[in-house]
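*Asks:* Residue numbers (full-length UniProt numbering), protein chains in the order written: chain A, 1 to 234; chain B, 1 to 234.
Here a beta-carbon is modelled for each residue, glycine too, at the ideal position from N, C-alpha and C.
Nothing here was measured: the structure is a model prediction, and the numbers come from that model.
I am attaching a structure below and will ask some questions about it afterwards.
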DNA sequence: AAGCTTAAAATTGTCGACAATCGGAAAGGC
DNA sequence: GCCTTTCCGATTGTCGACAATTTTAAGCTT
């Protein structure tokens, strides 16, 4: 059984831990592209060529194809027949619709959560909030933004409705494509303030207030995105 | 250029209109399986074997695979590695979550629609409503159910938020997997009544009332599904 | 020089064969 | 007689090569 071609990926220590195939590979493709979008390394309109991805990246072409299909269904890329995948470009109307959908679903989650949140949930939110504030104070804007998204995602998860959680997570995932939030520092600041007040409202079991704060925050974000989208329509 | 193997699908008149490949083929797989589920020809737990689908059905194996992947992402089938696809079996908790998500999103849509609906939209809803009532009167339960789903889908579409429309459509699509509604006739009847009252409320621009009616309808449906799910858990 | 036609390069889409994996059935041991 | 182990059939997952399509670029005509 010791042999010349020793099932490469299993034996060689220099070989990477991950395989180039399987459901994991598809997942990796999705994650890498998503991260690239979140870091603005991929801009709206950029083409995603299968061969480049399967070469330079971490999977074979089939896994890349499946990953792109999933991203298309999630709405992060658009897949035109015989033309391949490109990063989506949202219209102002779509931006409004995305934020409205978040307002509705996160609002419902906050109302539920005000009644049902336990100490463990509170601790998780407070922890994220503290790290978000720290990242903001240290000027780590990217990390602050990431933690802000984690805050909203955690609210959904704690509310316990997996369907709505999945939906909102999709909406959050395409947030980096809505705009850079050039005024990053300021918007992060509003985020920290709003999240703090949201947690306070939740602890008072004041679901309506938590929802109202979150709605105002999302509307402010929407205004920023719309300003960017109309200012630089290229 | 006239030859022995004449690009089969293009020339032969006996050949089917559709090709066995392409994005259309994948779409066809999704549609056929969805319809089979809606007609209870596929029950929760049934296995979906790729070869059987690509043989008896209308696409090559690759299209079948992609179609199954999409159905899995939509939540209609579950895809276990190396085991293939099976029709999902929802837990009572998941049933609650699905209906709650519909209540939230359809409610928001109805509130918007009360303000913005024009005559064309009214006509579309009334038309569906009339056909639904006719189907119920004639005892065509399956068609009545289909039109009931169309009513809810059309409400979302008229409200104009594509994101929420897509989400609710997914939730509606898995309704046949929640239960048969053995009391089909009666639940269809409640549906017709509730939809009629919903349209009436919309025409009065009473969004809150429309939402309330719809919520009660969905909660009644949820109770039915839960009764079935707990009664016959096999 | 501008515009059209045609060829070639790049990219996606498709197919069949093979490899890996799982479930169950048969054989063997206690 | 029951449990464990091994093998086999069935099914999914993977890969490379080829076909179809689109885009790019050059060449030719006007």
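#1: On a CA-only basis, which of B:160, B:122, B:165, B:172 is nearest residue 243 of chain B? Give me that one, please.
#2: Using DSSP with H/G/I as helix, E/B as strand and the rest coil, what is residue 235 of chain B?
#3: Is the beta carbon of residue 103 of chain A closer than 8 Å to that of residue 178 of chain A?
#4: Comparing C-alpha positions only, which one of B:52, B:94, B:63, B:59 sits nearest to residue 175 of chain B?
#5: Where does residue 179 of chain B fall in DSSP's three states?
#6: Report yes or no: do three or more beta-carbon pairs, one from the segment 34 to 47 of chain A and one from the segment 46 to 55 of chain B, lie closer than 8 Å?
#7: Short of 6 Å in beta carbon distance, which residues of its chain neighbour residue 222 of chain B, apart from the five on each side in sequence? Order them along the chain.
#8: Extract the residue ranges of the alpha helix (DSSP H) inside the segment 102 to 189 of chain B, only unbroken runs of 4 or more that lie entirely within it.
#9: Which residues mark the beginning and the end of the alpha helix (DSSP H) in which residue 221 of chain A is found?
#10: I want to verify the contact list: residues of chain A whose CB lies under 8 Å from the CB of residue 162 of chain B, in sequence order.
#11: Just to confirm, are residue 33 of chain B and residue 79 of chain B a CB contact at a threshold of 8 Å?
#12: Does any residue of chain A bring its CB to less than 8 Å from the CB of residue 83 of chain B?
#13: Residues of chain B with CB closer than 8 Å to the CB of residue 64 of chain A, please, in chain order.
#14: Which residues of chain B have a Cβ atom closer than 8 Å to the Cβ of residue 271 of chain A, listed in chain order?
#15: To which residues of the same chain is residue 105 of chain A closer than 7 Å at the C-beta, ignoring the five residues directly before and after it?
#16: When we look at the beta-carbon of residue 115 of chain B and count the other beta-carbons within 10 Å, is it buried (16 or more) or exposed?
#17: Taking residue 42 of chain B as part of the beta strand (DSSP E), name the residues at either end of that continuous run.
#18: Write down the C-beta distance between residue 211 of chain A and residue 107 of chain A rounded to the nearest angstrom, noting that I regard them as a contact closer than 8 Å.
#19: Is there at least one Cβ from chain B nearer than 8 Å to residue 175 of chain A's Cβ?
#20: If we count the other Cβ atoms within 10 Å of its Cβ and call it buried at 16 or more, is residue 224 of chain B buried or exposed?
#21: Taking DSSP as the reference, what is the three-state secondary structure of residue 71 of chain A?
#22: Can you check DSSP and say which residues form a bridge with residue 77 of chain B?
#23: Alpha carbon to alpha carbon, what distance is there between residue 88 of chain A and residue 203 of chain B?
#24: Of the choices A:200, A:62, A:193, A:66, whose alpha-carbon is the least far from that of residue 133 of chain A?
#25: Quick one: Cα of residue 155 of chain B to Cα of residue 141 of chain A, how far?
#26: In angstroms, rounded to a whole number, what distance separates the CA positions of residue 122 of chain B and residue 188 of chain B?
#27: Just to confirm, is the Cβ distance from residue 109 of chain A to residue 58 of chain A under 8 Å?
#28: Counting contacts by CB-CB distance shorter than 8 Å, is residue 23 of chain A in contact with chain B?
#29: Within the same chain, show all residues whose beta-carbon is closer than 6 Å to that of residue 195 of chain B, passing over the 5 residues directly before and after it, in chain order.
#30: Can you pull the chain A neighbours of residue 49 of chain B, defined as C-beta to C-beta under 9 Å?
#31: Going by alpha carbons, who is nearest to residue 201 of chain B out of B:69, B:111, B:30, B:61?
#32: So for residue 58 of chain B, helix, strand or coil by DSSP?
#33: Would you mind telling me which residues of chain B sit closer than 8 Å to residue 104 of chain A, beta carbon to beta carbon, in chain order?
#34: Which of the three DSSP states, helix, strand or coil, is assigned to residue 65 of chain B?
#35: By a C-beta neighbour count over all protein chains shown, 10 Å radius and 16 as the cutoff for buried, is residue 215 of chain A buried or exposed?
#36: Counting only the same chain and skipping the five closest in sequence on each side, list residues whose C-beta sits under 8 Å from that of residue 3 of chain A.
*Replies:* Well, looking at it:
#1: A query on residue 243 of chain B cannot be resolved here, the shown segment of chain B reaching from 1 to 234 and no further.
#2: Given that chain B is displayed from residue 1 to residue 234, the structure contains no residue 235 of chain B and the question cannot be resolved.
#3: No, they are not a contact pair.
#4: The option with the nearest alpha carbon to residue 175 of chain B is B:94.
#5: Coil at residue 179 of chain B, not helix or strand.
#6: Three or more beta-carbon pairs separated by less than 8 Å are not found between the segment 34 to 47 of chain A and the segment 46 to 55 of chain B, which leaves the two stretches without contact.
#7: Counting only Cβ-Cβ distances below 6 Å, and skipping sequence neighbours, we find 99.
#8: Taking only runs of at least 4 residues, the alpha helix (DSSP H) segments lying wholly in the segment 102 to 189 of chain B are 119 to 137, 141 to 159, 162 to 173.
#9: First-last of the alpha helix (DSSP H) with residue 221 of chain A: 207 to 231.
#10: Listed along chain A, the residues sitting closer than 8 Å to residue 162 of chain B by beta-carbon distance are 94, 97.
#11: No.
#12: Not one chain A Cβ lies under 8 Å of residue 83 of chain B.
#13: None at all; the shortest Cβ gap to chain B is about 13 Å.
#14: Here chain A comprises residues numbered 1 to 234, so residue 271 of chain A is not present and cannot be evaluated.
#15: By the criterion of a C-beta distance shorter than 7 Å, residue 105 of chain A is surrounded in its chain by 164, 167, 168, once the five residues flanking it on both sides are discounted.
#16: Sixteen is the threshold: since fewer than 16 other Cβ atoms of the shown chains lie within 10 Å of the Cβ of residue 115 of chain B, the residue is exposed.
#17: Under the DSSP assignment, residue 42 of chain B falls outside any beta strand (DSSP E); it carries neither an H nor an E label.
#18: So it is a contact: roughly 4 Å between Cβ atoms.
#19: With respect to chain B, the C-beta atom of residue 175 of chain A has no partner C-beta closer than 8 Å.
#20: By the C-beta density criterion, residue 224 of chain B is buried, having at least 16 other C-beta atoms within 10 angstroms.
#21: Residue 71 of chain A falls in the helix class under three-state DSSP.
#22: Paired residue(s): B:87.
#23: Using only the alpha carbons, I get a separation of about 37 Å.
#24: Of A:200, A:62, A:193, A:66, the smallest CA-CA separation from residue 133 of chain A is found for A:193.
#25: So the two alpha carbons sit approximately 41 Å from each other.
#26: Using only the alpha carbons, I get a separation of about 21 Å.
#27: It is not a contact, given that the beta carbons lie outside the stated cut-off.
#28: Yes - at least one Cβ of chain B is within 8 Å of the one on residue 23 of chain A.
#29: So the qualifying residues of the chain are 129, 151.
#30: Within 9 Å Cβ-Cβ: nothing; residue 49 of chain B doesn't reach chain A, min ~19 Å.
#31: Comparing Cα positions, the closest option is B:111.
#32: In this structure, residue 58 of chain B counts as coil in the three-state DSSP scheme.
#33: Chain order gives the chain B residues near residue 104 of chain A as 104, 105, 108, 164, where near means a beta carbon separation below 8 Å.
#34: Reduced to three states, the DSSP call for residue 65 of chain B is helix.
#35: Counting C-beta atoms within 10 angstroms of its own C-beta, residue 215 of chain A has 16 or more neighbours from the protein chains shown and is therefore classed as buried.
#36: Any answer about residue 3 of chain A is weak, because its pLDDT of 31 lies below 50 and its placement is not dependable; what the coordinates show is given next. There are no such residues.
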